[in-house]
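>
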Amino acid sequence: MQVQVITAGVLVVTVSVLVTVLVLLYTMPKPMLQHTRDILCLPSIPFSQSSDLQCGSSSDRLQEYLDEAIMQKVKKLEQDDKDKKISTTGPSPQLMGLLKSLRWNIKPSARVTGKKQPPPLQDHGAMFPVREWHQKDERAFLRYGMEYRHGRLVVPVKGLYHIHSFLDLYETLKNTTSTAESTRSESQTDSLRTTQSTEVNQQLAGIRHAIYRFNILNGTEEELIRNEHPREVSQNGYFNVYDSYLAAAVSLDPGDEVYVKVSNLKLLTSDAY
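The numbering of the sequence shown is the UniProt record's numbering, which starts it at 1 and goes up by one.
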């Protein structure tokens, strides 16, 4: 089908070129056309009014001119056809713009929210992993390849990730005062609270909150970012409230598991992410 179209196009071009040449011969100014007996002079470049004249036998020169003119038109048709194929098969600028915008929007991301924690499975030393998170909460999501596995977020592709973690911690203080002690003077009560505060301080020197990563390929655990909140004692002596926020931009590899650890799981509330 394509060969037939090109053949028909060449035929049309040949006829049109022949007509054009005859018109040029008829309308060409005297300096551009020199015909002495059997000698014919025509422009060396077809359809050019500024090229030099090339002379020769009338029949031979006319044949050469027609051949050059036809070949010039055929080459132009072939180039136009090639350009058309490239423009129709290649991606359009609109499509490339859409793909570029999607590339920036389709990025692995995840968010899990706080949940009541079970008791630790074993002694983890000074830090305990937060093993339970809500995945189907209205504020939680896993997008574009991110996975949740045993309290950890698993990274699908290598890249620079923004990671953050917020913990809300609540500590109840043991009130050792008795009913009789409530009648003591204010100074005696303050002294008792100071003693109580010292006892709690011995149990918990500070609140430690950190984000770790682990990759099964190298089998090592790495602390990415850490925050240590000094312990505070509220004026009422009954409870303490803490909050801790961590954030960092970290380069992660495929298969990296990102998770949170805290120094005391009992202090965690459900208001965490």
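No residue lacks a Cβ here, since even glycine has one placed at the ideal position from N, Cα and C. Quick caveat, the model's predicted, so the values are computed rather than measured.
For P118, count neighbouring Cβ atoms within 10 angstroms of its own Cβ and tell me buried if that reaches 16, exposed if not.
Burial call: exposed.
> So, at 6 Å on beta carbons, what are the nonlocal neighbours of T269 in its own chain, with the 5 sequence-adjacent residues on each side left out?
For T269, where only same-chain residues beyond five positions count, the Cβ hits under 6 Å are D168, Y170.
> Return the first residue and the last residue of the beta strand (DSSP E) that R213 is part of.
Per DSSP, R213 belongs to the beta strand (DSSP E) from 206 to 215.
> I39 lies in the beta strand (DSSP E); which residues open and close that run?
It spans 39 to 43 - the beta strand (DSSP E) in which I39 sits, taken as one unbroken run.
> How many Å lie between I106 and P46 at the Cα?
I106 and P46: Cα-Cα distance of roughly 56 Å.
> Please work out which residues of its chain come closer than 6 Å, Cβ to Cβ, to E147, disregarding the five sequence neighbours upstream and downstream, and give them in chain order.
Excluding positions up to five away in sequence, the list reads V154.
> Is the CB of D52 under 7 Å away from at least one CB in chain D?
Any reference to chain D falls outside this structure, which holds one protein chain only.
> Considering only C-alpha positions, which residue in the set I39, P108, K76 is nearest to D256?
Closest by alpha carbon: P108.
> Going by DSSP, name the residue or residues bridged to P129.
For P129, which the question treats as bridged, DSSP gives the partners K261.
> Would a C-beta distance cut-off of 7 Å place S234 and H209 closer than the cut-off?
Cβ atoms of S234 and H209: not closer than 7 Å.
> Take the Cβ of N218 as the centre, count every other Cβ of all protein chains shown within 10 Å, and call the residue buried at 16 or more, exposed below.
Under this definition N218 is an exposed residue.
> With burial defined as no fewer than 16 other Cβ atoms inside 10 Å of the residue's Cβ, what is the status of P43: buried or exposed?
Flag for P43 reads buried.
> Alpha carbon to alpha carbon, how far is Q54 from D60? Give it in angstroms, no decimals.
Going from the Cα of D60 to the Cα of Q54 covers about 11 Å.
> Suppose you measure from the CA of K84 to the CA of E68; what does that come to, to the nearest Å?
So the alpha carbons of these two residues sit roughly 24 Å apart.
> If you compare alpha carbons, which of E138, Y144, I211, H134 is closest to H164?
With distances taken between Cα atoms, H164 lies closest to I211.
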